[in-house]
Amino acid sequence: MAKNIKPRKEDYAQWYLDVIKAAQLADYSPVRGCMVIRPEGYAIWEAIQRDLDRRFKDTGHVNAYFPLLIPQSFLTKEAQHVEGFAMECAIVTHSKLEKDPTMPGRLRPASPLEEPLIIRPTSETMIGHMYAEWVQSYRDLPILINQWANVMRWEMRTRLFLRTSEFLWQEGHTAHETAQEAQEETLRMLDVYADFAQQLLAIPVIKGIKTDSEKFPGADTTYCIEALMQDGKALQAGTSHNLGQNFSKAFDIKYLGRDNTLQYAYTTSWGVSTRLIGAMIMAHSDDDGLVLPPRAAPIVCAIIPVYKGDQERSVVLGFIDQLVQKLVGTEEFSSAQQRTTGEIKQYFFNPITHQRIVVDTRDTRPGDKQYHWEQRGIPFRIEVGPRDVAAGAALLKRRIDRAKETVPLETFTPEWFKSKLDEVHQQMFEKALAFQIHNTRDASTYEQMKQILEKQGGFVRCWFLPDPDTEARIKAETKATVRCIPLNQPGGEGTCVYSGKPTQTQVLFAQAY
RNA sequence: CGGGGCGUAGCUCAGCUUGGAUUAGAGCGCGUGGUUUGGGUCCACGAGGUCGCAAGUUCGAAUCUUGUCGCCCCGACCA
Numbered sequence: 152m153a154k155n156i157k158p159r160k161e162d163y164a165q166w167y168l169d170v171i172k173a174a175q176l177a178d179y180s181p182v183r184g185c186m187v188i189r190p191e192g193y194a195i196w197e198a199i200q201r202d203l204d205r206r207f208k209d210t211g212h213v214n215a216y217f218p219l220l221i222p223q224s225f226l227t228k229e230a231q232h233v234e235g236f237a238m239e240c241a242i243v244t245h246s247k248l249e250k251d252p253t254m255p256g257r258l259r260p261a262s263p264l265e266e267p268l269i270i271r272p273t274s275e276t277m278i279g280h281m282y283a284e285w286v287q288s289y290r291d292l293p294i295l296i297n298q299w300a301n302v303m304r305w306e307m308r309t310r311l312f313l314r315t316s317e318f319l320w321q322e323g324h325t326a327h328e329t330a331q332e333a334q335e336e337t338l339r340m341l342d343v344y345a346d347f348a349q350q351l352l353a354i355p356v357i358k359g360i361k362t363d364s365e366k367f368p369g370a371d372t373t374y375c376i377e378a379l380m381q382d383g384k385a386l387q388a389g390t391s392h393n394l395g396q397n398f399s400k401a402f403d404i405k406y407l408g409r410d411n412t413l414q415y416a417y418t419t420s421w422g423v424s425t426r427l428i429g430a431m432i433m434a435h436s437d438d439d440g441l442v443l444p445p446r447a448a449p450i451v452c453a454i455i456p457v458y459k460g461d462q463e464r465s466v467v468l469g470f471i472d473q474l475v476q477k478l479v480g481t482e483e484f485s486s487a488q489q490r491t492t493g494e495i496k497q498y499f500f501n502p503i504t505h506q507r508i509v510v511d512t513r514d515t516r517p518g519d520k521q522y523h524w525e526q527r528g529i530p531f532r533i534e535v536g537p538r539d540v541a542a543g544a545a546l547l548k549r550r551i552d553r554a555k556e557t558v559p560l561e562t563f564t565p566e567w568f569k570s571k572l573d574e575v576h577q578q579m580f581e582k583a584l585a586f587q588i589h590n591t592r593d594a595s596t597y598e599q600m601k602q603i604l605e606k607q608g609g610f611v612r613c614w615f616l617p618d619p620d621t622e623a624r625i626k627a628e629t630k631a632t633v634r635c636i637p638l639n640q641p642g643g644e645g646t647c648v649y650s651g652k653p654t655q656t657q658v659l660f661a662q663a664y
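Our numbering applies: residue 152 is where the first sequence begins, and numbers increase by one.
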């Protein structure tokens, strides 16, 4: 039992923070609402970046970078977009500081800017402006660009990873010749996100469409992937927007078409953020701490030696050296000797992802080390003591269920360990999927829906006639919102859970982060 | 911005009601030495604080008064 982590049942919000703290993923910063992402947390972001970036390139996209600062006037060009973001923008108004003659030792802003600049909350406007310059002819289309960047939204209330004032994300921005191409792109990237969430983070998601009241400000249609957390609340894990011609009209992205007439391009944008790390934590972790899905884990295995006295120590460490060589190969084993310093030895298990195996030779007790690596969510631990050396084997422990297994030395190979990791990934995904299915309940009346939301949480699936006023009323009464209109519809017609009117739309309601 | 709470060591907090025997404390963490090592050993020694800040009351303020700044939680807003 971890003594520094509050159990989920007692206080879920505190548990979440305790897990992050124990695993040293992030820390609060001196600036309100901002966080420091520590190396163990940033490594997860790097795993996300590596995997997604490959998927973006596999679908024809390239990376570029646009500036952090945006002229304030840009934001006013698209009416809905202003509405959506004006309230949460940080604004740069001055270009230097000077000594304040009235308050010794203080500085005050000086040299006001002619036009204030906003720190990007998202880059549609800046990128729209540039695309207008780049696009002249249908031959210039499509433009398929992604950028990895930070953005800032001045949120009222923040939570590590889930909602911070500044966050890291990627934003894809594309421009197309036809509405159909833009629609295909929007759905293609939604699929990329859904598959990525499942394959890398082992999180099952529901693909769907946002209702008008939840869609991105300035989009024609917002598609999303929604995930369910262990406390029964939903989390929007990624969005893909079909922006239609809204931004091309606002920013004048025009091209001369095949028919020699001037036309507006069709644009899309899509993004996921460091919030995914929060989703990963809440989807998989337990009362003992973080549980990392193997493909996102910077360290896949921690080896813990157990011994009494110097004699046993050298025997055990010698055996571990043999074991490590079998897992990473002799070449990596010897180059690691020159590379690593300190009492935790590091070996690359996967030279492409740089996922590591570590040997913890610190001078602390084995129990200490067990908790150390357990709380950090490392998928496997291998314990090696005199008993194991005598038997020519090692004790393999799985993080997800603490299952133990004695494994003979000759069994250790890269392929064998890779299959062990895949097995864990699969089990984590299946567990999360079972949870999602178990916590998706049907309601045919509003009363029933309220009961479920109050007593059980999770997704409530029901027939519904989307309408902003109705949704606002339901939110006020139940705190739940339409998470999405799932792409996977049963077809046919039903009775709206709220109005009683006939509708062809089935939706998922839930309380959300 | 509304409603609540809190600022004392790196962290969690005690001390404040009733001002002075506390030379400002405890636990955890940290450092050194020893001991121990199959799920958080034990012991000794040690480092570390202008008690958020400012003014006031008083012979005397962590403690009382006023002001001020900051943070956290609950709501509205939100990837």
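Ideal Cβ placement from N, Cα and C applies to all residues, glycine included.
In this text the structure is predicted, and so the values were computed from the model without any measurement.
Using the Cα positions of residue i and residue j, report the straight-line distance between them to the nearest angstrom.
i, j, result
"ALA353", "THR315", "24 Å"
"GLN200", "LYS208", "12 Å"
"SER570", "LEU560", "16 Å"
"ALA627", "LEU176", "35 Å"
"GLN497", "MET186", "28 Å"
"ILE296", "ILE221", "18 Å"
"MET433", "LEU546", "29 Å"
"GLY493", "ARG183", "35 Å"
"GLN350", "GLU574", "12 Å"
"ASP514", "PHE470", "18 Å"
"VAL648", "ASN397", "33 Å"
Mind checking whether residue i and residue j have CB atoms under 8 Å apart?
i, j, result
"ASP438", "ILE188", "no"
"LEU670", "VAL451", "A query on residue 670 cannot be resolved here, the shown segment of the chain reaching from 152 to 664 and no further."
"LEU604", "SER650", "no"
"ILE533", "VAL442", "no"
"GLU275", "SER224", "no"
"CYS613", "ALA631", "no"
"LYS400", "TYR415", "yes"
"VAL558", "ILE454", "no"
"THR273", "VAL302", "yes"
"HIS245", "PRO445", "no"
"GLU704", "PRO293", "Nothing about residue 704 can be reported from this structure: the residues present for the chain run from 152 to 664 only."
"ILE625", "THR362", "no"
"LEU341", "ILE270", "no"
"VAL457", "VAL467", "yes"
"GLU239", "GLU317", "no"
"GLY192", "ILE428", "yes"
"GLY440", "ALA173", "yes"
"ILE404", "TYR216", "no"
Can you tell me which residues form a DSSP beta bridge with residue i?
i, result
"CYS635", "LEU659"
"LYS247", "ALA261"
"GLY422", "GLU322, THR390"
"GLY440", "ASP437"
"ILE156", "ILE156 pairs with nothing; no bridge assigned."
"GLU355", "According to the sequence displayed, residue 355 carries Pro and not Glu. Partner(s): none; PRO355 has no beta bridge."
"TYR179", "MET186"
"TYR498", "ILE508"
"TRP614", "GLN657"
"TRP299", "GLN321"
"ASN214", "ASN297"
"PRO368", "Answer is none; PRO368 lacks a bridge partner."
"GLU197", "Note: GLU197 sits in no beta bridge, so no partner."
If you count every other CB in all the chains shown that lies within 10 Å of the CB of residue i, and 16 or more means buried, which is it?
i, result
"TRP285", "exposed"
"LYS520", "buried"
"VAL213", "exposed"
"GLU581", "exposed"
"LYS366", "buried"
"HIS232", "buried"
"LYS548", "buried"
"THR325", "buried"
"ILE654", "Note on residue identity: the sequence assigns Thr, not Ile, to residue 654. It counts as buried."
"GLU328", "buried"
"THR596", "exposed"
"THR309", "buried"
"HIS435", "buried"
"PRO502", "exposed"
"ALA623", "exposed"
Next on the checklist: Does the contact criterion of 3 or more C-beta pairs under 8 Å hold for the stretch 329 to 347 versus the stretch 387 to 406?
Outcome noted: yes
Checklist entry - For the stretch 654 to 663 against the stretch 377 to 388, are there 3 or more C-beta pairs whose distance is under 8 Å? => result Output reads yes: the stretch 377 to 388 touches the stretch 654 to 663.
Checklist entry - Within the chosen definition, does the stretch 374 to 383 reach the stretch 343 to 362 through at least 3 CB pairs nearer than 8 Å? => result yes
Checklist entry - Can you find at least 3 beta carbon pairs, one from the stretch 289 to 300 and one from the stretch 395 to 409, that sit closer than 8 Å? => result yes
Next on the checklist: When you compare the stretch 520 to 530 with the stretch 444 to 460, are there three or more beta-carbon pairs, one atom per stretch, that lie closer than 8 Å?
Outcome noted: Two segments are said to touch when three or more pairs of C-beta atoms, one from each, lie closer than 8 Å; by this definition the stretch 520 to 530 touches the stretch 444 to 460.
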